[in-house]
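Chemist: Residue numbers (our numbering): 961 to 1205. Just so you know, even glycine gets a beta-carbon here, dropped at the ideal spot from N, CA and C.
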Amino acid sequence: MRFDILTLFPEIFDSPFRASLFKRAIDRGLIEIGVHNIRDYAAGKHRVTDDVPFGGGGGMILKVEPVDRALQAVVPDRHSSLVILLSPQGEPFTQAAAEELSLSSHIVLICGHYEGVDERVGRHLADRELSIGDYVLSGGEFAALVVVDAVSRLVRGFAGNHETILNDSHSTGLLEGPHYTRPRRYQDWKVPEVLLSGHEKNIRLWRRRESLKRTLERRPDLLTRADLTEEDQIMLGALRDESEG
Ligand SMILES: C[S@@+](CC[C@H](N)C(=O)[O-])C[C@H]1O[C@@H](n2cnc3c(N)ncnc32)[C@H](O)[C@@H]1O
């Protein structure tokens, strides 16, 4: 899978892909990442990439021409690439969106900066606009990193054990339950006995119950959309009774 990132600040991407799972995935050829300076595609001696907004108002706007030229250079075939503009006004970037994007072989991410991006970039050059949350960042670079990370880890082989990814929070529609590791006891804090029992069925049931409990406590909104079995519904009913009683 390949990502190409168009940015005015390529140096922001100097280190994130040189560590941990990214380094391994890139070394093994699972993921390719190209970072391109939009300024290299700007016309004229001064390679101007931004300008004042028509109609007045503060701030500078990223121009459409250098973005268009950069896209022409990095997208060999428009039909097999997905071009995304990072924007606080875009559709929310969720786990479901990450799963959908992970089916693409080539994703191009356009990072805005300053006051924003000429509207024609989103309207005519990008296939989608994505927002990583209801807050405003100073630039799209950290949003691009979030998208690249969430999508890459869904590529088979990126994480050591792909099965664990399928149980992650949001992948199942629920939050994942708690994890523990050695030691069994630290200070007065003990590991739940069931996890030490070796009884697979009881451990599975406990994990599912904890996952439902945590979702009920922290993100009850997720329960309305989650795919719940009859067994889940019974556990959830008992958990609701417990919390009310
Ligand atoms: C300061 S913001 C521009 C905000 C714009 N004036 C507005 O009100 O919608 C500059 C750039 O940061 C990026 N950005 C900011 N917040 C973002 C978010 N929540 N998700 C994705 N990208 C974001 C976008 O690329 C945006 O063009």
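1. Reducing DSSP to helix, strand and coil, say where P1036 ends up.
2. Using 10 angstroms around the beta-carbon of K1173, count the other beta-carbons present and answer buried if the total reaches 16, otherwise exposed.
3. What first and last residue would you give for the beta strand (DSSP E) that runs through Q1049?
4. With ligand 1 as the reference, list in chain order each residue whose Cβ lies under 6 Å from any of its heavy atoms.
5. Along the chain, which unbroken stretches of the alpha helix (DSSP H) at least 4 residues long are found entirely within the region 1079-1140?
6. Considering only the beta carbon of each residue, do D1010 and H1073 sit closer than 9 Å?
7. Note down, in chain order, each residue of its chain lying with its Cβ closer than 8 Å to the Cβ of H1122, except the 5 sequence neighbours on either side.
8. Tell me which residues share the same chain as D1128 and place their Cβ nearer than 7 Å to its Cβ, disregarding the 5 neighbours each side in the sequence.
9. My output table needs one value for T967: the three-state DSSP class, helix, strand or coil.
10. I993 and G1076 - do their beta-carbons sit closer together than 9 Å?
11. From this set, D964, F1053 and Q1193, which residue's C-alpha is nearest L1042's C-alpha?
12. Could you tell me the distance, in whole angstroms, from the CA atom of P976 to the CA atom of Y1095?
13. Can you find the residues in the same chain that come closer than 8 Å, C-beta to C-beta, to E1170, ignoring five residues on each side of it along the sequence?
14. Exposed or buried, L1063, counting other C-beta atoms within 10 Å across all chains shown (16 or more means buried)?
15. Would you identify the three-state DSSP class for D1148, choosing helix, strand or coil?
16. Drop a sphere of 10 angstroms on the beta-carbon of D1078, count the other beta-carbons inside from all chains shown, and report buried for 16 or more, exposed for fewer.
17. Among A1104, F1118 and T1175, which one has its Cα closest to the Cα of D1192?
18. Using DSSP with H/G/I as helix, E/B as strand and the rest coil, what is G1197?
19. Would you grab the beta carbon distance between N997 and P970 for me? Rounded to a whole angstrom, and I think it's under 8 Å.
20. Cα separation between S1047 and I1194?
Modeler: Reading from the atomic positions:
1. Taken through DSSP and simplified to helix, strand or coil, P1036 comes out as coil.
2. With 16 or more Cβ atoms within 10 Å of its Cβ, K1173 is classed as buried.
3. Note, Q1049: beta strand (DSSP E), L1042 to P1052.
4. Residues lining ligand 1 by the Cβ criterion, that is a Cβ closer than 6 Å to any of its heavy atoms, are L1046, S1047, P1048, Q1049, C1071, G1072, H1073, E1075, G1076, V1077, S1091, I1092, G1093, Y1095, V1096, L1097, S1098, G1099, G1100 and A1103 in chain order.
5. The qualifying runs are 1101-1112 and 1122-1126.
6. Yes, the Cβ-Cβ distance between D1010 and H1073 is below 9 Å.
7. Excluding positions up to five away in sequence, the list reads R1116.
8. So the qualifying residues of the chain are E1136.
9. Here T967 sits in strand by DSSP.
10. The answer is no: Cβ separation not under 9 Å.
11. Here the closest residue by C-alpha is D964.
12. In this structure, the alpha-carbon of P976 lies about 22 Å from that of Y1095.
13. Closer than 8 Å at Cβ, skipping near neighbours: G1137 and P1138.
14. With fewer than 16 other Cβ atoms within 10 Å, it is exposed.
15. Looking at D1148 - three-state DSSP - the assignment turns out to be coil, as it is neither helix nor strand.
16. By the C-beta density criterion, D1078 is buried, having at least 16 other C-beta atoms within 10 angstroms.
17. With distances taken between CA atoms, D1192 lies nearest to T1175 out of A1104, F1118 and T1175.
18. In the structure shown, G1197 sits in a helix (DSSP, three-state: H, G or I).
19. Going by Cβ atoms, the distance from N997 to P970 rounds to 5 Å, so yes, they are a contact pair.
20. Taking the straight line from one Cα to the other gives about 41 Å.
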